[in-house]
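Take a look at the structure set out below.
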Amino acid sequence: MEESKGKEFIFTWVIENFSFFNQRHKVAIDSPNFIADKIEKSKWNVRLFPEGYICENYLEVYLRPENGVQFSHKINLEFQMIAVDRVIKTMTIYNLFDNNLVPGCLKFLHTDIIKNDRDIYLPHDTLTLRCRLWYPDRFRIQEILESGQCFARTRMGVERMCFVWDLVEFSTLQPDLKKTFPITAASGEIPLKSINLFWTKTCSSEEMNVEIVLRANENIVCKCKLSILGFEGTIIDLVRNERYVIADENTQIWILPPLFSKKHLMARKGAYLNNDTLSLKCEFAFSTGIVSKEIEETYIGPKIHHSVGKRYP
2 MEESKGKEFI
12 FTWVIENFSF
22 FNQRHKVAID
32 SPNFIADKIE
42 KSKWNVRLFP
52 EGYICENYLE
62 VYLRPENGVQ
72 FSHKINLEFQ
82 MIAVDRVIKT
92 MTIYNLFDNN
102 LVPGCLKFLH
112 TDIIKNDRDI
122 YLPHDTLTLR
132 CRLWYPDRFR
142 IQEILESGQC
152 FARTRMGVER
162 MCFVWDLVEF
172 STLQPDLKKT
182 FPITAASGEI
192 PLKSINLFWT
202 KTCSSEEMNV
212 EIVLRANENI
222 VCKCKLSILG
232 FEGTIIDLVR
242 NERYVIADEN
252 TQIWILPPLF
262 SKKHLMARKG
272 AYLNNDTLSL
282 KCEFAFSTGI
292 VSKEIEETYI
302 GPKIHHSVGK
312 RYP
C-alpha cells in the first residue's frame, strides 16, 4: 500500500527550450535553489543530467542539499516527469539520508524514449519535473502543520533566423566550385558566418553538399533546416541537423549530409528549378545562454490537490 504523504513539500521545475541545453554526457542543468521550509528548513536544488553522469544515455536527476546538511529525521523523495495533462514517469526513494550520498535516480528515463516521443515528453520543447519531499509516517513531525509548493522556471535563450538563397544559373555550377552566401543578423553576434554550396563527384554520381562556417565565442547548440522552395510555392524538405559548437577563436566547418544527387535533381528539375534558379530556404536556431533561472511562485498552507499541467508549463 502506498504510504500517505501527509504534509509535504513539492518543487515543480519547468525547463524551456530544453533541446538547446548542452546534452553531452556528464553535463548538468541545475535548478534555482529553494528552501523546503517545512522539511528541516533546508536549502536544496535539483540537478539534472540530460545524457547521464553515471549511466550514459539515461536522464539522471538528483536532489542536492546545500553544504551537506545533516538531517534529524529520514525523509522520502519522489521525482515525477509531467506531460501536458498527466504524470508520465515516477520514481520514489524511501528513508533517505541514512548516509552522505546525494539522493537521486540513475536511470530515470532512457533518452531514446524522450527523443522518439517528443510531443509527449517535451511539449513545446519544455521539460517539466516535479520533486516531492515528505516524512515517513513513523517520523511524522507534529509541528509540521502545513504543506508547501514552489514553482521555478529555467529558460535557455534562442535566436532564430531564416533566409532564402536564390542560386541563379544553377545548372552551370561546376564540381567543387563553391557558391558562398554571407550570413548576417540583426543581433550582430551570431556564430554563423557563411554557408557554402557545391557539387562533389563520387565514383558513381555527383552530390550536392552544404557546409556552414561558424565561429563561436562560447559553447552553443546550433540547429538548421534546409528546404527547397519549389515551383508554384511547394516546399521540399531536404535535411535537418544540429551540432554542439565548442568555443574557438578559429572558424569551424559544419558539413551537412548530402542534399541530393545531380541525377535526382535532373529527374525533378521541373519541381526544383524555376528558370534555372534553385531557391534554398535556410532556417537556423542557436542557443544564446540561460536568460531566466528563478523561483516564480511559492505557496505555503493547507495541502491542496495539484492539477498537473494546469499551471505549468
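Counting the sequence shown from 1 gives a position; the numbering used here is that position plus 1. Don't be surprised by glycine CBs; every beta carbon is placed ideally from N, CA and C.
Legend entry - residue 119 (DSSP reduced to helix, strand or coil): Looking up residue 119 in the sequence shown gives position 118. Helix, per DSSP.
Legend entry - Top-ranked residue by Cα proximity to residue 258, from 211, 277 and 279: Taking the first residue of the sequence shown as 1, we reach residue 258 at position 257. Cα-wise, what sits closest to residue 258 is 211.
Inset, instruction - Could you tell me the boundaries of the alpha helix (DSSP H) in which residue 266 lies? - result: As a first step, residue 266 is located in the sequence shown; it is residue number 265 there, counting from the start. Here the alpha helix (DSSP H) through residue 266 covers 263 to 268.
Inset, instruction - Using a threshold of 8 Å, state whether the C-beta atoms of residue 300 and residue 81 are closer than that. - result: Locating residue 300 in the sequence shown gives position 299, where the first residue counts as 1. Locating residue 81 in the sequence shown gives position 80, where the first residue counts as 1. Contact: no.
Legend entry - Whole-angstrom distance between residue 58 and residue 21, CA atom to CA atom: Taking the sequence shown and counting its residues from 1, the one referred to as residue 21 is at position 20. Taking the sequence shown and counting its residues from 1, the one referred to as residue 58 is at position 57. The straight-line gap separating the alpha-carbon atoms of residue 21 and residue 58 is approximately 17 Å.
Legend entry - Residue interval of the beta strand (DSSP E) (run including residue 293): The sequence position of residue 293 within the sequence shown is 292, counting from 1. In the DSSP annotation of this structure, the continuous segment of the beta strand (DSSP E) that includes residue 293 starts and ends at 279 to 302.
Legend entry - Cβ-based neighbour list, residue 111, same chain, cut-off 6 Å, excluding 5 preceding and 5 following: The count along the sequence shown starts at 1 and reaches residue 111 at position 110. The residues are 59.
Legend entry - Residue from 105, 78, 202 and 25 whose Cα sits closest to the Cα of residue 48: Residue 48 sits at position 47 when you count from the first residue of the sequence shown. Closest option to residue 48, Cα to Cα, is 105.
Inset, instruction - Determine the burial state of residue 157: buried for a count of at least 16 other Cβ atoms within 10 Å of its Cβ, exposed for fewer. - result: Here residue 157 corresponds to residue number 156 of the sequence shown, with the count starting at 1. By the neighbour-count rule (16 or more Cβ atoms within 10 Å), residue 157 is buried.
Legend entry - Continuous beta strand (DSSP E) stretch holding residue 207: start and end: Walking along the sequence shown from the start, residue 207 turns up at place 206. That run of the beta strand (DSSP E) goes 207 to 215.
Inset, instruction - Check the DSSP bridge columns for residue 128 and list the partner residues they point to. - result: Locating residue 128 in the sequence shown gives position 127, where the first residue counts as 1. According to DSSP, which records beta bridges pairwise, residue 128 is partnered with 16.
Inset, instruction - Please report how far the alpha carbon of residue 213 lies from the alpha carbon of residue 198, in whole angstroms. - result: Translated into the one-based positions of the sequence shown, residue 213 becomes position 212. Translated into the one-based positions of the sequence shown, residue 198 becomes position 197. Residue 213 and residue 198: Cα-Cα distance of roughly 9 Å.
Legend entry - Own chain, CB closer than 8 Å to residue 273, minus 5 neighbours either side, in chain order: Position 272 of the sequence shown, counted from the first residue, corresponds to residue 273. Excluding positions up to five away in sequence, the list reads 229, 231, 232, 237, 266 and 279.
Legend entry - Where the beta strand (DSSP E) through residue 50 begins and ends: Translated into positions along the sequence shown, residue 50 becomes position 49. Start and end: 43 to 50.
Legend entry - Beta-carbon proximity of residue 87 to residue 11, cut-off 8 Å: By one-based count along the sequence shown, residue 87 stands at place 86. By one-based count along the sequence shown, residue 11 stands at place 10. Contact: no.
Legend entry - Coil, strand or helix - residue 21 by DSSP: What you label residue 21 is simply residue 20 of the sequence shown in a count that begins at 1. Residue state, collapsed to three classes: helix.
Inset, instruction - Please go through the same chain and pick out, in chain order, the residues whose beta-carbon is closer than 7 Å to the beta-carbon of residue 241, but skip the five residues on each side of it. - result: If you number the sequence shown from 1, residue 241 lands on position 240. 226.
Legend entry - Residue from 166, 261 and 255 whose Cα sits closest to the Cα of residue 208: Taking the first residue of the sequence shown as 1, we reach residue 208 at position 207. Closest by alpha carbon: 261.
Legend entry - Separation of residue 122 from residue 108, as counted between CA atoms: Sequence index remark: in the sequence shown, residue 108 carries index 107 (1-based). Sequence index remark: in the sequence shown, residue 122 carries index 121 (1-based). The alpha-carbon atoms of residue 108 and residue 122 are separated by roughly 16 Å.
Legend entry - Limits of the beta strand (DSSP E) - the one that residue 87 falls within: Position 86 of the sequence shown, counted from the first residue, corresponds to residue 87. Careful: residue 87 lies outside any beta strand (DSSP E) and carries neither H nor E.
Inset, instruction - In the DSSP assignment, find the unbroken beta strand (DSSP E) run with residue 201 in it and report its ends. - result: Translated into positions along the sequence shown, residue 201 becomes position 200. Note, residue 201: beta strand (DSSP E), 193 to 202.
Legend entry - residue 233 (DSSP reduced to helix, strand or coil): By 1-based counting over the sequence shown, the position of residue 233 is 232. If DSSP states are grouped into helix, strand and coil, residue 233 belongs with the helices.
Inset, instruction - Report the option in 247, 178 and 235 whose CA atom is closest to the CA atom of residue 192. - result: Sequence index remark: in the sequence shown, residue 192 carries index 191 (1-based). Of 247, 178 and 235, the residue nearest in Cα terms is 247.
Legend entry - Outcome for residue 133 when other beta-carbon atoms lying within 10 angstroms are tallied against a minimum of 16: Position 132 of the sequence shown holds residue 133. The residue is buried, with at least 16 neighbouring Cβ atoms inside 10 Å.
Legend entry - Three-state class that DSSP yields for residue 114 in the structure shown: To locate residue 114, count along the sequence shown from 1; it is residue 113. In the structure shown, residue 114 sits in a helix (DSSP, three-state: H, G or I).
Legend entry - Alpha carbon of residue 202 to alpha carbon of residue 175, nearest angstrom: The sequence position of residue 202 within the sequence shown is 201, counting from 1. The sequence position of residue 175 within the sequence shown is 174, counting from 1. So the two alpha carbons sit approximately 10 Å from each other.
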